[in-house]
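What follows is a set of notes on a single structure, which appears directly below.
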Amino acid sequence: MTDKTAIIDLLETEVNSLGYDLVDLDLRIGANGLLRIYIDSENGITLEDCARVSHQVSGLLDVEDPIPGNYSLEVSSPGVNRSLRTPAHYARFTGERAKVELARPRDDGRRRFTGLLGTVAENEFELELDGETVILRFEDIAAARLAPKIEV
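See below:
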């Protein structure tokens, strides 16, 4: 069960029951194993939120034992360049700037896009690129994350 999707499936209901959204996770197996879980909520995330989720999830992981060997568990907020994993994530950030990478290039050879998130439907979403609207299907996405312009 060391597949990322299977671990998300295992943990998501537990995290949601605590009132948080499981944004994503990173998994590294080996000598210095690590499971890093990113959570969010409408009110943001505090250190106490991370501790609460860590305590609850560690009990579930002890029982289910989905990851071989020793590993550290970290719970964190997703940060400003948070990943987008579900249609609800895309919908929540409509109008925000995002970077999207497709698993395979489109017919025109393009694989990477940066633009404003537009309308979200069940299987696809719009991304506005310099006045042009591109429709991308969720099933084609390899990775997507917010990409806010940070002014210094």
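Its first residue numbered 2, the sequence shown is counted upward by one per residue in the working numbering.
Beta carbons: idealized from backbone N, C-alpha and C, even for Gly.
Every value quoted in this text rests on a predicted model; they were computed, and no experiment measured them.
Taking C-beta atoms as the reference points, Ser59 and Leu74 count as a pair closer than 8 angstroms. With contacts defined by Cβ atoms closer than 8 angstroms, Val24 and Pro79 form a contacting pair. Using a C-beta cut-off of 8 angstroms, the segment 91 to 111 makes contact with the segment 135 to 145, since at least three inter-stretch Cβ pairs fall below that distance. Glu102 has Arg113 and Ala144 as its beta-bridge partners, per DSSP. Residue ranges of uninterrupted beta strand (DSSP E) with 3 or more members, entirely inside the segment 29 to 83 and ordered along the chain, are 34 to 41 and 72 to 77. Non-local beta-carbon contacts of Lys5 in its own chain, meaning distances under 7 angstroms to residues more than five positions away in sequence, involve Leu26 and Leu28 in chain order. Secondary structure note for Thr134: its beta strand (DSSP E) is the uninterrupted segment Glu133 to Arg138. At a Cβ-Cβ threshold of 8 angstroms, Val54 and Val76 count as neighbours.
Across the structure, Gly34 and Asn71 are spaced so that their CA atoms are roughly 6 angstroms apart.
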